[in-house]
Amino acid sequence: MVRVSGKIRRLLLDNELVSAEDWNTASESGQPVMEALLDRGVISEDVLFSALGIEAGIAPIDVSRVRADPSAVETLPQETLTEHCVMPIARNGDILILAIADPFDVLLIDDLNILSGCRVRPVLSHRAAIRTALDALFDSGRSEVDDLLDEVSTDGIEVKQNEEPENLDIGANTGDDVPAVKLVNLILLKALKEKASDIHIEPGDKMLRVRFRVDGRLHEAMTPPKSILSALISRLKILANLDIAERQGPQDGKFQIRYESRRIDFRLSTLPVVGGEKAVMRILDSSGVALHLGGLGYEPKCQEDMENAIASSYGMVLVTGPTGSGKSTTLYAAVRQVATPEVNVVTVEDPVEYRMDGINQVPVNPKRGLTFAGALRSILRQDPDVVLVGEIRDSETAEIGIKAALTGHLVLSTLHTNDAPQAVTRLLDMGIDPFMVSSSLLCVAAQRLARVLCENCREPLDVPDSQLRLVGFTEEEIAAKPTLYAARKDGCPRCKNGYKGRFALLETMFLDSDIKRMVVQGKSVHELKAQAIENGMLTLRRVGILNTIRGKTSLEEMLRVTVGD
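Here you go:
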């Protein structure tokens, strides 16, 4: 049972940081009192820690950034750490450093002194952060692998190996008692439950590091012992139909899982590194792909530009942005919107990320001579109405795509540029004639993904007017005194580090007659952008500011994913 010392109550009440009514309400909530106060926004974490730290004479610590010393972990049973919500940090002789949420609970500290046989030195941390760190520590594989994996349930999960006709049940005829098989199951399940987009398995000196990319950010999920690395990588290679004997070169493959009535594809890449082989898996869950453009959360003006462009019977639509910015999701949503029984849609992709019914999807295979350009030539002989080209990588593909757009086909594709106007100059740099670019290009959309603030724990943020003006807020927006929010550092039980999910920021440049004329005249990218803004284009920064004002994302996140105009 977690105790809260009376000193904390007196400290908060005497300093009028919380009212007696708020404390009593939190006490009756069924949650730990401090968690209830923080979750309800009665007191901020910064104010709480500042008061506790000053009173107790100890500084707070961010346990998410600290790797626990194994010798410290061994001093106390897991049950004790979990029950009292304390986190071992380090041990030096008979001195044990523990992260604790209540530095005034002298009874607890005395108990820990006796149980550990050490002199406990407390450091301060938030209870939710300690609990998360304990979950990661004891879910990490530092204990015996078999003990950890005994709790893994694979009910309802089937794995389909690459190019095999039948589904393979994870537990059937695969040696389910083998720790590597169970560990793979655990990693996949945990990643799916956390809604990860990528899984990284990396060899270290003494243990493995398994990291998940959630909402665009990597975080450590578990650290199994290194002794299982070889068996773990071999198991993944078997699933992906790769050569388990090849350990000196990179390999790529894929396998499929059926989980909770969903078909989920995993794209596996292995690479030899110092210490062994690293494996990265991209999770392709088609159930999470929006069915239409309206489900992506665009600004009305940007959505209107895209829908007008894809409603055309011919021309080219480009989506630009860095890797991982959601370009493929936008193109798939556009294809689904135009795909009808009367329309022949053909795609060429490297690789095919999501299978779509009623769509003819061609995977690029350079080893067999099937490049983007070669596949595109063949596709144009298949009587297509709409053609999706996964990426324009070279001048040959760009030229064929533009000619297809000029000869009665709607062509959708992607480029790697920072904003929409730069896509025009990129095509010109590839050697495409300016007249052909202006005649074929309908719309260019630049895209980024920003994290959504958790509405349960976001905190109001006071930003000086001068700083708002500097990042692009208008005088009218500043005068309106908008309430801006920041992510709570340690988050809450409903989110991860103050964010929950992502949404798309879209900058659309529709090529009207003014822009087309400027392209033919060879105007610079800056002139194109200025004209597009004059014509009503919302830049990525402007779309980001609008969503910051709405409280959908934080100022920090908006600045991270956009650049100034």
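Here my numbering = 1-based position in the sequence shown + 6.
Every residue, glycine too, gets a C-beta built ideally from N, C-alpha and C.
The beta strand (DSSP E) enclosing residue i, as first and last residue numbers
i, result
"T326", "321-326"
"P466", "465-467"
"F261", "257-265"
"F218", "214-220"
"K284", "282-291"
"F272", "268-279"
"R71", "Segment: none, R71 is in no beta strand (DSSP E) and carries neither H nor E."
"S419", "416-421"
"L129", "Note that residue 129 is Val in the sequence shown, not Leu. Per DSSP, V129 belongs to the beta strand (DSSP E) from 125-130."
"L224", "223-228"
Three-way DSSP call (helix, strand, coil) for residue i in this model
i, result
"M362", "coil"
"Q84", "helix"
"G177", "Residue confidence for G177 is low, a pLDDT of 37 falling below 50, so the modelled location carries little weight and cannot support an answer."
"K506", "strand"
"Q537", "helix"
"I14", "helix"
"E402", "helix"
"A246", "coil"
"E563", "helix"
"D100", "coil"
"K487", "coil"
"S50", "coil"
"S233", "helix"
"V349", "coil"
"E310", "helix"
"Q527", "coil"
"D141", "helix"
"R253", "coil"
"E397", "coil"
"P369", "strand"
"L23", "coil"
"I64", "coil"
"I551", "helix"
"F378", "helix"
"D204", "strand"
"A105", "strand"
"A493", "coil"
"V458", "strand"
"E169", "Residue confidence for E169 is low, a pLDDT of 40 falling below 50, so the modelled location carries little weight and cannot support an answer."
"L121", "helix"
Nearest to residue i (by Cα), restricted to the options the options
i, options, result
"L58", "N98, T489, D100, S131", "S131"
"G396", "R454, A74, P209, S419", "S419"
"K529", "P427, E513, F479", "P427"
"M436", "D425, P470, P128, T403", "T403"
"Q547", "L474, D496, I521", "Per the sequence shown, residue 547 should be read as Arg rather than Gln. Nearest of L474, D496, I521 to R547, Cα basis: L474."
"A105", "I120, G99, G123, R73", "R73"
"G507", "K558, E348, V525", "K558"
"L19", "V48, Q37, E41", "V48"
"N371", "V24, V358, V477", "V358"
"L102", "V526, I438, D75", "D75"
"P209", "H532, L54, E283, R269", "E283"
"I521", "G542, G504, I234, C501", "G542"
"R269", "D425, V349, M362, S318", "M362"
"Q254", "I484, G281, M228", "G281"
"V417", "L448, S401, R219", "L448"
Where the alpha helix (DSSP H) through residue i begins and ends
i, result
"S77", "76-79"
"E192", "First, the amino acid is wrong: residue 192 is Leu here, not Glu. 185-199 is the span of the alpha helix (DSSP H), which, as asked, contains L192."
"P38", "Element bounds for P38: n/a, residue is neither H nor E."
"V443", "440-446"
"D435", "426-435"
"R475", "471-477"
"S318", "Unbroken run through S318: none, as it is neither H nor E."
"Y304", "No alpha helix (DSSP H) holds Y304; DSSP gives it neither H nor E."
"Q388", "First-last for Q388: undefined, no H or E at that position."
"T335", "333-344"
Beta-carbon gap between residue i and residue j smaller than 8 Å
i, j, result
"I365", "T353", "yes"
"R494", "E461", "no"
"C498", "D28", "no"
"A456", "L324", "no"
"A510", "G332", "yes"
"T81", "S122", "yes"
"M93", "L54", "no"
Contact belief for residue i with residue j at Cβ below 8 Å, rounded distance in angstroms
i, j, result
"V356", "M287", "Sequence check: residue 356 is Asp here, not Val. So it is not a contact: roughly 18 Å between Cβ atoms."
"I551", "F479", "6 Å"
"A410", "V393", "6 Å"
"P440", "V525", "5 Å"
"L290", "A339", "That pair is no contact at about 15 Å."
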